[in-house]
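Working notes, beginning with the structure itself.
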Amino acid sequence: MEREQESEWEEAQSIEINVDLVSAAKRQLKFLADVDRNRWLYEGPGLDRAIYRQELDLITALWNFLCSSLLIVTIVNGFGTVIGSIQADTNKTVRSSMGEFLTIRMLFLLWKGVQQRATEEIWGTLFPGEPYELDMETVLQNNVCGQRVLGEKHTKYDLVSAAQRQSPFFYQVTKTHMNDNRYIQGAVARYKGFLHLIKRNKEKSIKSFSVPTYDIDLIWHTHQLHPASYCKDLLKIMGKILDHDDTDSDRTKGQKLDVGFSGTTKTFEEMYGSRYWRAGAMYRGSAPSPVRPTPYSGIVTKEVPTSNENQKLILPTMKVLEVMMEFVSVRNLPEGHKGSLFVSFSKTQPDEIFNAKRRLTIFSESGEKKVATFQCQPTGSLLFELVSFSPSSLPVPVPSKTIGTTTISLEDFMSPDSDLIVEKWLDLVPRSNIMASNPIGLRVAISVTIPYPCTICTSYDSFSAILKKFLLVPTSNESSIC
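As C-alpha cells, this is what we get:
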C-alpha cells in the first residue's frame, strides 16, 4: 500500500508547469501587500476608477505593452489582483479578441526605472485624457468616475466582488512563512498533488468537489496569473481547465464546502499516505477591520516632544513555531494488551510558550481524526509518551500506565534541508516492565512553519473544528472547459 501511495505522489510530482511558481508566488504576495496598503482599491470610487481604467481598452493596451516587451503596471494601475479570480472569463475575452492567449506579467507599484517610464509614454499615447498616476484624493473627494464606468465592458465578470474578495484572501496568506522558499516549494508540491487527485477522480468518473488549503490556493492563484501557461498546463494534465470559484465562504458543518474539504482530505490521505492539513495553511478567522479603510486628508498632525511620561515600552523579542501534529497509528503493541490508548506530549525542556503536558488520541485506535495545533519556541525536542488506560464508569480514577516513550527534535526542522513536514514511524523505548518482541511503533505526522515573532495561541481541536480553519474554495471536476 505504501509503495502504491509513493508511486502516486511521484506521478503527481512529474507534472510539468511552465512557470516558476515559487518566484511568481512571492511576486504575487508582494503585489497583494502593495494593494492592501492602498485599500481604496477594494471598494468605492477608487475601485470604480480602477475598473474604468482597466476597461479603457484592455486588449489594445495588453497587446501594445507585450509587443514592446514592457511590464504592465499592475494591469492598469492596480487591478491585476483579481486576475486569478477571473481567469476563465479573461481567457475567453482575450482569445476572442486577439485569437490567442496573452501572457500577463505584473509590475509592482513600487518598481521604478526605464520600463515604467516607457510604459508611461505608451499610456500617454493610448489614453491621452487619462493620467497614468491617479490623484486618489481627487478621485475620492469628487467621485469623478461614477458616470464613466458605465461604458463598454470587456468582461461580464463581477470585478467589484472579485476585488473585494482579495482583502480576506491576502489576510489568510500574509504571514511570514508564506514567503519562505521551503514553505512555497512544499506548497507547489502539494498543488501538483491536488491537481493529480482531481485528474484521478475524473478518470474514475467520480464527481468530486475538491477544496484546497491556503498554501495550495496561493499557488493555484499564482498559476492562474499566467493564463497562457495555466491553460496549456491544465489541458495537458487533465484535458480541461479548472474553474476557480471562491464566491462561497459558508464553512458550516454539513454544507458543501465542509463536505468537500472532508472528502478532499480523505482522498488525499488515502492516495498519498500523507496528511492534507499543514501548519500555516489554516483559516485564521475573519480579517480585523482596518483602522482607516481609505485615504483621507485634512487632518493636521503635530509632533509631541517626548517626556518621561511618554516613554515607549520595549518588550523582548521571541520567535515561535506554529506546529500541527497528528498521531496516525500504532503498531507492535505488547501481546495481551487491553485498554485504550492516547499519547501524552510535551517538550523535553519546556519553554515560555509551551510548558505543560497535553494529550491526543490516536486515529487508528479511536477512529476519530484529531489534530493538535500549538506554538512553541524552536528549540529542544518534543517528547511523546504512549499511555494505556482502561475506561471505567466508576467515580474512582483508574490509573494509567506508560508503555513507551520517544522524541523528535524541533531543531531538525530548522535545517536548510528540511521541508518543514515529516510523517514517519518512531520506535518507542519501552518501560522496563513492558515486554514486546518487536519495537513498538508510533506513526507521527508533524508540520511546522518557520519561526516568527511571538503571538501566543494554543488549541487542540477535533478534526471537525480543524475544517473550519482551512480555506474552503472549491473546484468541481465538472468545471467548464475554457
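Residue numbers (the UniProt record's numbering): 1 to 482. For each residue, glycine too, the CB sits at the ideal point set by N, CA and C.
Sort the options by Cα distance to residue i and report the nearest one.
{"i": "residue 213", "options": "169, 226 and 229", "result": "169"}
{"i": "residue 175", "options": "15, 404 and 284", "result": "284"}
{"i": "residue 50", "options": "2, 131, 15 and 117", "result": "131"}
{"i": "residue 160", "options": "186, 215 and 247", "result": "247"}
{"i": "residue 487", "options": "263, 256, 21 and 366", "result": "Here the chain has residues from 1 to 482 only, and residue 487 is not among them."}
{"i": "residue 431", "options": "192, 402 and 408", "result": "402"}
{"i": "residue 173", "options": "320, 218, 434 and 272", "result": "218"}
{"i": "residue 233", "options": "265, 17 and 47", "result": "17"}
{"i": "residue 19", "options": "443, 225, 9 and 263", "result": "225"}
{"i": "residue 359", "options": "338, 387 and 351", "result": "387"}
{"i": "residue 52", "options": "122, 129 and 228", "result": "129"}
{"i": "residue 183", "options": "39, 322, 41 and 443", "result": "322"}
{"i": "residue 281", "options": "171, 405 and 250", "result": "171"}
{"i": "residue 336", "options": "231, 121, 436 and 30", "result": "436"}
{"i": "residue 318", "options": "344, 351, 343 and 362", "result": "351"}
{"i": "residue 166", "options": "7, 446, 443 and 286", "result": "286"}
{"i": "residue 164", "options": "406, 215 and 40", "result": "40"}
{"i": "residue 363", "options": "10, 454, 443 and 242", "result": "443"}
{"i": "residue 368", "options": "192, 220 and 262", "result": "262"}
{"i": "residue 343", "options": "260, 365 and 354", "result": "365"}
{"i": "residue 9", "options": "276, 454 and 271", "result": "271"}
{"i": "residue 190", "options": "231, 42, 206 and 264", "result": "264"}
Pick helix, strand or coil for residue i, following the three-state DSSP scheme.
{"i": "residue 353", "result": "coil"}
{"i": "residue 375", "result": "strand"}
{"i": "residue 110", "result": "Because residue 110 sits at a pLDDT of 33, beneath the cut-off of 50, its placement in the model cannot be relied upon, and the point is left open."}
{"i": "residue 405", "result": "strand"}
{"i": "residue 271", "result": "helix"}
{"i": "residue 35", "result": "helix"}
{"i": "residue 453", "result": "strand"}
{"i": "residue 174", "result": "coil"}
{"i": "residue 262", "result": "helix"}
{"i": "residue 413", "result": "helix"}
{"i": "residue 11", "result": "helix"}
{"i": "residue 389", "result": "strand"}
{"i": "residue 168", "result": "helix"}
{"i": "residue 324", "result": "strand"}
{"i": "residue 288", "result": "coil"}
{"i": "residue 206", "result": "coil"}
{"i": "residue 212", "result": "coil"}
{"i": "residue 17", "result": "coil"}
{"i": "residue 443", "result": "strand"}
Tell me the rounded alpha-carbon separation between residue i and residue j.
{"i": "residue 486", "j": "residue 452", "result": "Nothing in the structure corresponds to residue 486, since the chain is present only between 1 and 482."}
{"i": "residue 346", "j": "residue 415", "result": "22 Å"}
{"i": "residue 162", "j": "residue 37", "result": "18 Å"}
{"i": "residue 510", "j": "residue 449", "result": "Lying outside 1 to 482, the shown extent of the chain, residue 510 is not represented and no answer is given."}
{"i": "residue 268", "j": "residue 274", "result": "8 Å"}
{"i": "residue 26", "j": "residue 408", "result": "31 Å"}
{"i": "residue 341", "j": "residue 334", "result": "13 Å"}
{"i": "residue 33", "j": "residue 255", "result": "32 Å"}
{"i": "residue 434", "j": "residue 410", "result": "28 Å"}
{"i": "residue 23", "j": "residue 278", "result": "21 Å"}
{"i": "residue 382", "j": "residue 227", "result": "44 Å"}
{"i": "residue 222", "j": "residue 188", "result": "10 Å"}
{"i": "residue 196", "j": "residue 186", "result": "15 Å"}
{"i": "residue 372", "j": "residue 324", "result": "6 Å"}
{"i": "residue 379", "j": "residue 419", "result": "17 Å"}
{"i": "residue 133", "j": "residue 29", "result": "22 Å"}
{"i": "residue 127", "j": "residue 6", "result": "55 Å"}
{"i": "residue 492", "j": "residue 384", "result": "Outside the shown range of the chain (1 to 482) lies residue 492, about which nothing can therefore be said."}
{"i": "residue 15", "j": "residue 439", "result": "38 Å"}
{"i": "residue 121", "j": "residue 42", "result": "27 Å"}
Which word fits residue i, buried or exposed, when buried means at least 16 other C-beta atoms lie within 10 angstroms of its C-beta?
{"i": "residue 356", "result": "exposed"}
{"i": "residue 45", "result": "buried"}
{"i": "residue 429", "result": "exposed"}
{"i": "residue 244", "result": "buried"}
{"i": "residue 258", "result": "buried"}
{"i": "residue 390", "result": "exposed"}
{"i": "residue 412", "result": "exposed"}
{"i": "residue 117", "result": "exposed"}
{"i": "residue 370", "result": "buried"}
{"i": "residue 266", "result": "exposed"}
{"i": "residue 13", "result": "exposed"}
{"i": "residue 249", "result": "exposed"}
{"i": "residue 289", "result": "exposed"}
{"i": "residue 375", "result": "buried"}
{"i": "residue 338", "result": "exposed"}
{"i": "residue 406", "result": "buried"}
For chain D, is any of its Cβ atoms less than 8 Å away from the one on residue i?
{"i": "residue 390", "result": "Checking the listed chains, one finds no chain D in this structure; it contains a single protein chain."}
So does the segment 425-444 actually touch the segment 325-332, counting three or more Cβ pairs closer than 8 Å? Counting Cβ pairs under 8 Å, three or more are found: they touch.
Contact between the segment 188-204 and the segment 234-241 (3+ Cβ pairs under 8 Å): Yes: the two stretches touch, three or more of their Cβ pairs being nearer than 8 Å.
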